[in-house]
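If you're matching positions, the sequence shown starts at 2 in my numbering and goes up one per residue.
Quick reminder that beta carbons are idealized off the backbone N, C-alpha and C, glycines included.
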Amino acid sequence: MSKNNQMNNETDIEEGLPIWMATFADMMTLLFAFFVLLYSMSSPDPVKYAAFANSQATKIGGSTDQEMPSEPLKDQSEIKQELEELIEDMDMEDKAKVTQDPRGVALELDGDVCFGSGTVILKDELKQTLDNAAIELMSNPDDLRSILIEGHTDNQMPKGEIAERYPTNWELSSARAANVVNYLIYKGVMPGRLTASGYADQWPAGATWGEVRSGKVNENFILSKNDTREQQAQNRRIKIIFGVK
2 MSKNNQMNNE
12 TDIEEGLPIW
22 MATFADMMTL
32 LFAFFVLLYS
42 MSSPDPVKYA
52 AFANSQATKI
62 GGSTDQEMPS
72 EPLKDQSEIK
82 QELEELIEDM
92 DMEDKAKVTQ
102 DPRGVALELD
112 GDVCFGSGTV
122 ILKDELKQTL
132 DNAAIELMSN
142 PDDLRSILIE
152 GHTDNQMPKG
162 EIAERYPTNW
172 ELSSARAANV
182 VNYLIYKGVM
192 PGRLTASGYA
202 DQWPAGATWG
212 EVRSGKVNEN
222 FILSKNDTRE
232 QQAQNRRIKI
242 IFGVK
């Protein structure tokens with residue numbers, strides 16, 4: 002080999018990368034493949050990942066969701082007014098009334114609207130009323146105030162087949178209230194807001210909360226409030242109370 006060729010070869014070696022770089026590159030490639038394999042075998046928790054992403058967005062002043070303004074809660078006077086308008090729109094002034102109860106605003110629906118004597122099946126007119134009330138007054142997700150459903154009966158004891166399932170008016174009135182609650186839940190009302198209670202014939206229509214609490218509602222009082230079929234129909238009622246809290 003000539004002297005010139007030897008010098009050219011030495012120059013080529015000097016101008017190339019150091020030999021150790023090849024080994025280093027191989028090692029980095031292996032490490033990269035190793036970590037890719039580890040990641041592919043892992044199962045990241047999407048909930049934790051989302052929480053981390055949200056926290057980081059908050060720290061830098063970002064927002065993950067656009068906050069929607071909440072619907073304002075209706076006060077008792079607004080609820081009372083809307084219930085009265087609902088009754089008027091449905092032409093039910095002779096079958097329903099709105100009263101002020103110590104526990105809140107109450108909508109009372111006569112038995113002719115709600116149930117037949119000795120039955121627990123909701124009439125179509127009751128369903129329609131519940132539908133309208135649920136849309137107007139029970140659909141706000143921010144409203145957590147209680148809704149009390151009371152079932153009441155006349156003083157006629159259950160008879161026939163219904164008596165086998167509901168032997169007394171206590172069971173019958175409780176079942177009526179429970180059926181109304183189940184229907185409202187089916188319509189989307191939050192279950193946690195609803196409470197069902199049965200009062201049998203012990204709270205006739207027209208009797209006040211104070212009269213019931215004081216013991217004035219005795220057997221003679223109940224008989225006097227069930228003299229006519231009209232009175233009995235009024236007593237077979239459902240009472241819906243929109244609580245103050």
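is_contact[residue i, chain C] using C-beta, thresh 8 Å
i	result
M91	Given the protein chain composition of this structure (a single chain), no chain C is represented.
Span separating the alpha-carbon of residue i from that of residue j
i	j	result
P168	E72	45 Å
G199	L149	11 Å
V245	G193	15 Å
T100	N170	24 Å
F116	Q129	13 Å
Q235	E89	18 Å
A97	L123	16 Å
E231	H153	15 Å
L87	P159	32 Å
G216	L145	32 Å
G212	D92	Reading the sequence as shown, one finds Glu at residue 212 and not Gly. Using only the alpha carbons, I get a separation of about 31 Å.
D95	I239	15 Å
S174	E85	25 Å
N183	R177	10 Å
Nearest candidate by alpha-carbon position, reference residue i, set the options
i	options	result
L185	I241, K75 and P19	I241
L1	V182, E137, A34 and I163	With the chain running from 2 to 246 in the structure shown, residue 1 is simply not present.
G257	R104, S147, E165 and M139	Residue 257 cannot be examined here, being either before or after the span of the chain that is shown, 2 to 246.
A206	A164, M191, T30 and N156	N156
P142	M191, D95, A178 and R177	M191
A208	L31, A197, E109 and E94	E109
Q233	L131, W204 and A179	W204
T196	D132, R104, R214 and A164	R104
Range of the contiguous alpha helix (DSSP H) that encloses residue i
i	result
V247	Residue 247 cannot be examined here, being either before or after the span of the chain that is shown, 2 to 246.
L173	N170 to Y187
Q157	Neither: Q157 is in no alpha helix (DSSP H) and is coded neither H nor E.
D143	D143 -> no alpha helix (DSSP H), and no H or E assigned at all.
I122	Segment: none, I122 is in no alpha helix (DSSP H) and carries neither H nor E.
L84	Q77 to D90
Bounding residues of the beta strand (DSSP E) (the contiguous stretch that carries residue i)
i	result
Q233	From DSSP, Q233 is part of no beta strand (DSSP E) but of the alpha helix (DSSP H) over R230 to N236.
L195	L195 to G199
K240	I239 to G244
Beta-ladder partner(s) of residue i, from DSSP
i	result
G207	G207 is not bridged to any residue.
K264	With the chain running from 2 to 246 in the structure shown, residue 264 is simply not present.
F1	Residue 1 falls outside the range modelled here, since the chain spans only 2 to 246, and no answer is possible.
I150	A197 and I241
Per-residue burial, residue i [other beta carbons within 10 Å of its own, 16 or more giving buried]
i	result
S78	exposed
D125	exposed
D228	exposed
W210	exposed
E151	buried
N221	exposed
G112	buried
A134	buried
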